[in-house]
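In the numbering used here, the protein residues as written are 161 to 607.
Written out as structure tokens, the structure reads:
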């Protein structure tokens, strides 16, 4: 189930520029994901309101996106649906990457096969239905996003979806003269048809435009295989069943028997790295019953199928973290995360090199993301030059096709939707019991 995969992936990621997952509630019909609250809305709406950004502001956003994406890639996670609609802004205008519904784990040496994403931001090899490297696909999408930030329009666009896909596959686009020359070089290196010639995140991090203004290079993450310490698991009985279920949900370890065999292997491997990452997440943020249980029980009594919090069923997590013997080939003395809790609220565009010591079928067409209408950050973007339509199938033309080549000259479609002033709102003071009651009542009403 795709939602279960999304939940497992979000548990693997803890970064100041990635939207955090707090809790999961469920009933017989629905899953409810309780996500980190961000008040600034979508980057898309911000761009619609302001038009094209200055190179300085675009660089700030871009560095935060690259920092978060590098963290994901270091954990073998590829987003595969990067676009301004999936980039949220917090109260201090910092980026939060959201919507991991199309994300996938890509273990070292493997390639991805599912063609998915949004046509305007998808790379040529994905559109052609070829096997592809998800990391390089994400770089292409970042290039399109950077172009949109600097130009206020998309590099590839057409009212006809088939024509749009052909333009993407050819990879020919025009960069306006007002884009700085060094940034033009960066854009052409990222929006490169040949994935082998496309810039990597390391190349981007060293690029003069990215490091301009005294910012310097971002401190990129090392691959998780080099920094996550794993231990020998004595037997199946010593495995954490919650963590095992989460790994199975990722979808890339389809044979359960083989997965268990690799977890019991005395050698350091990808399966064990993911296991101990998830085990550490469970240790730091266990899913326990709500504190205000009396309030919860009262609200549940008012509904025939109330949402219930998904809690950990395996309670021997502390015991599982005391595996004595380190796996063969595991990092012996990995660096521990520095200021882990502070990083979640960090406003810096760069992040620490955070190592963790843990004790513990050929695609027939692109899958285009369709999110539930209840998603907190989805808004109607019809009429905007930056909108990437979400049709059900790539064979059918998208519903929203009012896209122009630029947003600068008047009359501009970017003004079709009048900007709404956002007044600062003082956060209300509410008790835990009251908050739980309001949350569960609201979830019950949504059924």
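Think of the CB as a built atom: it goes at the ideal place given N, C-alpha and C, for glycine as much as any other residue. If you're wondering where the values come from, they're calculated on a predicted model, not measured in any experiment.
Sixteen is the threshold: since fewer than 16 other Cβ atoms of the shown chains lie within 10 Å of the Cβ of residue 211, the residue is exposed. In this model, residue 179 and residue 442 are separated by some 18 Å (Cα to Cα).
Here residue 214 is exposed, its C-beta having fewer than 16 other C-beta atoms within 10 Å.
Setting aside the 5 residues that flank it on each side, residue 271 is surrounded in the same chain by 291, 292 and 293, each with a C-beta closer than 8 Å to its C-beta; the list follows chain order. The count of Cβ pairs closer than 8 Å, one atom from the stretch 322-334 and one from the stretch 363-375, stays below three, leaving the stretches out of contact.
No residue range can be given for residue 353, since it is assigned to no alpha helix (DSSP H) and is classified by DSSP as neither H nor E. Remark: fewer than three beta-carbon pairs, one from each stretch, lie closer than 8 Å, so the stretch 389-400 and the stretch 243-251 are not flagged as touching. When the beta-carbon positions are compared, residue 232 and residue 173 come within less than 9 Å of each other. Counting along the chain, the unbroken beta strand (DSSP E) around residue 194 starts and ends at 191-195.
Taking residue 228 as the centre and dropping the five residues before and after it, the same chain places the C-beta of 175, 177, 178 and 257 closer than 6 Å to its C-beta, in chain order. Taking residue 318 as the centre and dropping the five residues before and after it, the same chain places the C-beta of 324 and 327 closer than 7 Å to its C-beta, in chain order. Contact check between the stretch 375-386 and the stretch 428-443: three or more CB pairs, one atom from each, fall below 8 Å, which counts as touching.
With distances taken between CA atoms, residue 358 lies nearest to 345 out of 267, 345 and 369. Distance check between residue 334 and each of 321, 351, 320 and 230 places 351 closest, using alpha-carbon atoms only. Per DSSP, the unbroken alpha helix (DSSP H) holding residue 435 starts and ends at 430-444. Distance from the CA atom of residue 394 to the CA atom of residue 422, rounded to whole angstroms, is 12 Å.
Taking a cut-off of 8 Å for Cβ pairs, the stretch 260-277 and the stretch 196-208 do not touch, as fewer than three such pairs fall below it.
In the displayed model, residue 183 falls within a strand according to three-state DSSP.
Annotation for residue 349: 359 place their beta carbon closer than 6 Å to its own, counting only its chain and skipping 5 residues before and after.
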